[in-house]
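Engineer:
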Amino acid sequence: MSYRSGQKVISEPFDLSTVKTTSQESTHAPKHKRIFGLEEAPTFYPTKEEFKDPLGYIAKISAEGAKFGIVKIIPPSDYKPEFSLKTESFRFKTRIQKLNSMEGETRTNVNYLEQLTKYHIITGKPVAKIPQLDKRPIDLYKLKNEVASRGGIQEVTKQKKWAEIGRVLGYARKNCTSMSNALKSAYSKIILPYEIWYAQHKEDAENLLKKKDISYINDDNNDTCEICHKTQDEENLLLCDGCNRGYHLYCLTPPLSSVPKTDWYCLQCLTAVGKDYGFEDGSEYSLTDFQKFCDKFKKEWFSKTNGVITEEECENEFWRLVNNPHETCEVEYGADLHSTQHGSGFIAPEQMAQGVFDPWNLNMIPVSPQSLFTHIKTDISGMMIPWLYIGMCFSAFCWHNEDHYTYSINYMHWGETKTWYGVPGSDTAKFEETMKKAMPELFKQQPDLLFQLVTMFSPERLLKENVKVYAVDQRPGQFVVTFPKAYHSGFNHGFNFCEAVNFAPLDWVDYGLECVKRYKEFRRQPCFSHDELLVTAAQNLKTCYKSDIDWLKRGISDMQQRELADRKSVRTRKLKEVALSEDDTREELQCDYCHCYTYLSFIGCTCSDRVSCLDHSSELCDCSSSSRTLYLRFTDKQLDDLVKKIMNSGYSPEKWTEKLNKLIQSRPTMKMLSELLKEGEEIGVSSESLAALRDFMEVMERWVAEAERVLDLKADSNKSVSKGRIERIQSLLEQTRSIGYEFPHVPQLKEYLDKLLAYEATITDDLMASNDKQAQYPVYVEGKSLRADSKRFIKLRGIIKSYSWLAEVEKVLNAPYNAKSIRKLIKDATDLGIAEGPWPERLNLIEQEAKRCLQFIENLCRGRQKIELHEEQSVFSIGQNHENPQLSFTLEPHLLIRLQNAMARSKVILNQVEDMLTTKCTKSDILERPAYADGQKLMSICREIVFKSEKVQRLSEALSSMNVWNETVRATFMHGRQKSLEYVLRETLSNVENITLNHQKLGLYCICRKPESGLMIACDICKEWYHNPCVRVPRSVVRSSISYVCPISTDVLPKGLFIS
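Each residue of the sequence shown is one higher than the one before, counting from 1 in the UniProt record's numbering.
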């Protein structure tokens, strides 16, 4: 539901309960096997103390993070900033992204296919469908390149290399018998005609590509010929179906005699395909509307997937779509949304409650005291003002590094995972070289392609070129930081909301200068003046860290050298020079040619308001030097004075040494020494002096740590210390004399030592030999309060504890046996130094006997051991030692109950066995006897009985006999037949019944009850005649005098106890 208030559309507030707002990182272990074999960038977990200073913490991890280009930071668990965006009025527009057009190589491929398509349209022979091989379209772009790399079609045909090209394209001859012919045909019919045409027009096409002002928007002024620039003869003016520009038929090369009947494209539209590539604008959404759109898309796209789509599945599918030129997937991305216009997910600084300050609020980080952006006078949206990013499944941000090579920080407020890929700044050159090598056509069209944020490139290709690439998965409540120069890209797994901003700590300044030079080379618009930032910082030095201005010294010294060198070059032209007054407001002037800021100096001309930098005055205009003026914001002397002021600021090594000597005399704290050491490192104090201070601080740290442990001001984690407190204090006091420093702990140590020595005198030999607990115990308590640890005190402590130990022994032995309690007493005896006494020996013997008894009971209950029935009662007296009652013990009741239950269950089973053997198995009617399976079931239960029994043995023998009989029946009736035994027995029974029924009929014989036929044999028992084939008796037996008994007369009934 939504309504309009004024000009704004007001909707219901977005329901945050429908999205993920937190992430349990423990449930997302690092992926050791990522796509393409990518390694994970590191994840950092700042402590609550470290988290108080964002830029300080990032500086701490920057050395490690820069190796990867990107890192993830997971805040402490209690960091949960409120999502402050006014969602009811928030609406945003998206960009449309076609995944296979974003990937550089794929886009080059698609552009080439479009060129082929347009060319064949204007020739009147449109390509209806791309030829297929092995059920997939032939990659015409790759085919063109492979043929060209082998010398062209004639050379490939002559050398018979079509099969080789097919293998490169991923085809196998066994699957494609006509592979060579198909590839040659596709090249000859589709590629070759265009390549011949392009060769004839190559020079004109390249001249068009060099133009910076190519426009692809239709122009109403299309009545002028683009070649001769004349407006007459409109009847012969042909309009391009791509750009609507006009061309005379006779001005074209070659000329046309008439207007083509099909679509026609000019040379520019045909050869410069993709030069104007960019993302089109999408629709406008509220968060709720976009969520529905995103969820519907993801559900439908992965409709064949059962259950939850994993991050790995989503990542694999993303790169499949990006790299496939023949499958188009279109998504939308709400990117680069200004927080000044839309609002921020973080609370605005002016709305923060008193005393509540979030240093990680992205509105605060760019302007924190440690950020050099504080020296920029204007707000820069996207760098100093956060931007918002609202993603959907597969929406992506393409490869880029940050403006001015600054750091960036991105926070995910809520939603699905965002996967990042990063290339460290050290591999930037290799990355750019690999990109240019992989897609030369795109860089030829757009030399500044990497500045446009419209190109993806597979990490797999980068890794093959030895470019380091790392990946990290960002989830709700997590930060991702990118480092200077580091190229990065990524994509979203689903609907999410992120916010990002740039910042520039002190170590960035060198990167910033490098980027400004690069911008100048590519004539790219910078975001701010690097020189103005340095000058502003220099003029406001009192607000900087005076002990850490090495960055400013480097930057401003380099600025002076560059500026003076440029002025020296320009002054050879004898231009008029003018020093700008302090109230001159022209601070944002930029060079008309390279677009760099001209803060320190610029050249102007009387003919125009435009200006140039000192490098590009020749591109400004064609006027003579007398018309031009060199304007200077600072004269050479003013610039030199400013630089000298900075270079002479801060501590000198000599001043630092003086400060150190004074500080040592004033008993400095460790914090004061640490700060002085840091200052010394920053101003270049000699390594010998710094090493001496570090050694002194290490000695102090060790002494203080030991003193605090002895005084119990700090937990004593050193368990391997062999000395007692008295010896340790004496050693510390001795060290103070050699260190030559009066530590504040010394008076406490001396007082503590006196108390310990006085106490030690109270522990006499008579006291320890007295066995008088009442006299010993108060002395022990006093030593405990003093934390005494001398050998005499430890001996006294053992005596006191042994009293308690003996009481505990009596208590444990009077209770049912408990293994845990017995083992603890034995261990305690060892700790007390009485492991050899009679009581520990008694405990050990009881434990050994108890283990044996417990194992015996366990074996009985599980049927592993068996006893005679008459031994039943004697078992329950287990644990009683009549020879030595002191070693007797009682078992816990639950063990005896378990044994009683096992015996009762055994008696029931034996009664069942006796009933089966004496009653059920003796019935005269065999069919009423127990089944063989019943006997087996009862036998399996008998394995767990406690008692020995001959009845069980009889049951086992009967079952064995029955098993033998079963095998005999099987051997008798089966005769190698493939049917089941049950089927064969039923068939035999049926035959017997037939014989019995037809027995009285004359003239019928055999089991088949048919008339006499062929060779027959008579049974010597039943006198029945049988056909030889029916009973399968050898002819030699039929003709002999051997006795024959038919199967029916054979006694097949068993003489056992069971029936089969």
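Cβ atoms here follow ideal geometry from the backbone N, Cα and C, with glycine treated the same way.
Note that the coordinates shown come from a computational prediction; the quantities given were computed from them, not determined experimentally.
Should the region 161-181 be called in touch with the region 122-134, which here means at least 3 C-beta pairs below 8 angstroms?
Structural biologist: Touching, yes, given that three or more Cβ pairs across the two stretches are closer than 8 angstroms.
Engineer: Using 9 angstroms as the threshold, is the C-beta distance between Arg610 and Ser617 below it?
Structural biologist: No, the Cβ-Cβ distance between Arg610 and Ser617 is not below 9 angstroms.
Engineer: Quick check: is any heavy atom of the ligand ATP less than 8 angstroms from the C-beta of Leu552?
Structural biologist: Here there are no bound small molecules, and the ligand ATP is not part of this structure.
Engineer: In whole angstroms, what separates the C-alpha of Ile10 from that of Tyr285?
Structural biologist: In a straight line, the C-alpha of Ile10 is about 12 angstroms away from that of Tyr285.
Engineer: Kindly give me the distance between the Cβ atoms of Trp162 and Leu183, rounded to whole angstroms, as I take these residues to be in contact under 8 angstroms.
Structural biologist: Indeed they touch by this definition, with Cβ atoms about 5 angstroms apart.
Engineer: Out of Glu226, Ser489 and Ile1021, point me to the one whose CA is closest to Gln268's CA.
Structural biologist: Looking at the Cα atoms, Glu226 is the closest of the given residues.
Engineer: For Glu49, which of helix, strand or coil comes out of DSSP?
Structural biologist: Glu49: coil per DSSP, three-state reduction.
Engineer: Give me the Cα-Cα distance between Cys1046 and Arg929, rounded to the nearest whole angstrom.
Structural biologist: Those two C-alpha atoms are separated by around 28 angstroms.
Engineer: Of the choices Glu402, Phe346 and Pro459, whose alpha-carbon is the least far from that of Trp508?
Structural biologist: Comparing Cα-Cα distances from Trp508 to each of Glu402, Phe346 and Pro459, the minimum goes to Glu402.
Engineer: Buried or exposed: Asp143, going by 16 or more other Cβ atoms within 10 Å of its Cβ?
Structural biologist: First, the amino acid is wrong: residue 143 is Leu here, not Asp. That one is buried.
Engineer: From Gly307, Ile763 and Leu786, pick the residue whose C-alpha is nearest to that of Ala775; which is it?
Structural biologist: Closest option to Ala775, Cα to Cα, is Ile763.
Engineer: Just checking, does the region 568-580 make contact with the region 525-535 on the three C-beta pairs under 8 angstroms criterion?
Structural biologist: The region 568-580 is not in contact with the region 525-535.
Engineer: Assign Phe431 to one of three DSSP states: helix, strand, or coil.
Structural biologist: Helix, per DSSP.
Engineer: Report the rounded CA-to-CA distance for Met383 versus Glu701, giving the unit in angstroms.
Structural biologist: In a straight line, the C-alpha of Met383 is about 43 angstroms away from that of Glu701.
Engineer: Is the region 146-154 in contact with the region 183-193, if contact means three or more CB pairs nearer than 8 angstroms?
Structural biologist: These segments touch.
Engineer: With His1027 as the anchor, note down where its beta strand (DSSP E) starts and where it stops.
Structural biologist: Run containing His1027: Trp1025 to His1027, per the beta strand (DSSP E) assignment.
Engineer: In the structure shown, what three-state DSSP assignment does Ser489 receive?
Structural biologist: Strand.
Engineer: Closest Cβ-Cβ distance between Pro778 and chain C: below 9 angstroms?
Structural biologist: Among the protein chains of the structure shown there is no chain C, as only one such chain exists.
Engineer: What does the alpha-carbon distance come out to for the pair Ile217 and Cys243?
Structural biologist: Residue placement at Ile217 is flagged as unreliable, the pLDDT there being 43, under the threshold of 50; a coordinate-derived value is accordingly withheld.
Engineer: Under the DSSP definition of a beta bridge, which residues are partnered with Glu479?
Structural biologist: Note that residue 479 corresponds to Phe in the displayed sequence, not to Glu. BP columns for Phe479 point to Ile73 and Tyr411.
Engineer: Where Ile385 and Lys80 are concerned, what is the direct C-alpha to C-alpha distance, given to the nearest angstrom?
Structural biologist: Roughly 21 angstroms separates the two Cα atoms.
Engineer: Among all the DSSP beta bridges, which residues are the ones paired with Gly604?
Structural biologist: Val611 and Thr629.
Engineer: By DSSP's criteria, Gly425 is part of a beta bridge. Which residues make up the other side?
Structural biologist: Answer is none; Gly425 lacks a bridge partner.
Engineer: Once the 5 residues before and after Pro424 are set aside, which same chain residues still bring their CB inside 7 angstroms of it?
Structural biologist: Ala66, Lys67, Phe68, Gly69, Lys468 and Ala486, listed in sequence order.
Engineer: Taking its Cβ as the centre, do 16 or more other Cβ atoms sit within 10 Å of Arg1035, making it buried, or is it exposed?
Structural biologist: Exposed, because fewer than 16 other Cβ atoms sit within 10 Å of the Cβ of Arg1035.
Engineer: Would you please state the rounded distance, in angstroms, between the beta carbons of Ile826 and Pro838? I believe it to be under 8 angstroms.
Structural biologist: Rounded, the Cβ-Cβ distance is 13 angstroms, inconsistent with contact.
Engineer: With DSSP run on the structure shown, which of helix, strand or coil describes Pro193?
Structural biologist: If DSSP states are grouped into helix, strand and coil, Pro193 belongs with the helices.
Engineer: Output the boundary residues of the beta strand (DSSP E) element that contains Arg95.
Structural biologist: Where Arg95 is concerned, the enclosing beta strand (DSSP E) stretches over Arg91 to Lys98.
Engineer: Starting from the C-beta of Ser1043, find all residues in its chain whose C-beta is less than 7 angstroms away, skip the five residues before and the five after it, and write them out in chain order.
Structural biologist: Excluding positions up to five away in sequence, the list reads Asp1020.
Engineer: Which term fits Pro484, buried or exposed, when burial requires 16 or more other beta carbons within 10 angstroms of its beta carbon?
Structural biologist: Buried, by the Cβ-count rule.
Engineer: Which first and last residues belong to the beta strand (DSSP E) in which Asp336 is found?
Structural biologist: From DSSP, the beta strand (DSSP E) with Asp336 extends over Glu330 to His338.
Engineer: In chain order, which beta strand (DSSP E) runs of at least 3 residues are fully inside the region 954-1025?
Structural biologist: Counting only runs of 3 or more, we get 1016-1018.
Engineer: Looking only at its chain, what residues have a beta carbon closer than 6 angstroms to the beta carbon of Lys644, apart from the 5 residues adjacent to it on each side?
Structural biologist: Within the same chain, Lys644 has no close Cβ partners at all.
Engineer: Using DSSP with H/G/I as helix, E/B as strand and the rest coil, what is Trp551?
Structural biologist: Three-state DSSP puts Trp551 in a helix.
Engineer: So, under 8 angstroms CB-CB, Phe457 and Glu103 are touching, yes? Tell me the CB distance rounded to an integer number of Å.
Structural biologist: At roughly 7 angstroms, the Cβ-Cβ gap stays under 8 angstroms, so Phe457 and Glu103 are in contact.
Engineer: At 4 residues or longer, and completely inside the region 874-923: list those alpha helix (DSSP H) runs for me, N to C.
Structural biologist: 893-918, all fully within the region 874-923.
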